[in-house]
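In our numbering, the protein residues as written are 50 to 152.
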């Protein structure tokens, strides 16, 4: 049986890698001012943009989490491994034949 996964460690690692990423900061600093309307309070606008961002990221990460979990289950089957070995074998034989016939 697989050991229990500590989700807080992964969350913390992802959070810090995003917070300390200068590219993420530059995206926010360039996109947020363009999305704000002058003459209206700034805090509610930023809160709305942050909420939309959180929802989009949550949906995106849930999609990838479920896709990777499904792929992990598929990859773990003996049938998939046999198929992958066959495909890799055919590719290697084709590359070998191409190498042998190139002048």
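Even glycine gets a Cβ: it sits at the ideal position worked out from N, Cα and C.
As the structure is a prediction and not an experimental result, all values here were calculated from the model.
If you pair each beta-carbon of the segment 105 to 125 with each one of the segment 83 to 90, do three or more pairs fall below 8 Å?
no
Integer Cβ distance of residue 98 from residue 81, believed to fall under 8 Å
6 Å
Are the beta-carbon atoms belonging to residue 131 and residue 124 less than 9 Å from one another?
no
Rounded to a whole number of angstroms, what is the C-alpha to C-alpha distance between residue 71 and residue 135?
44 Å
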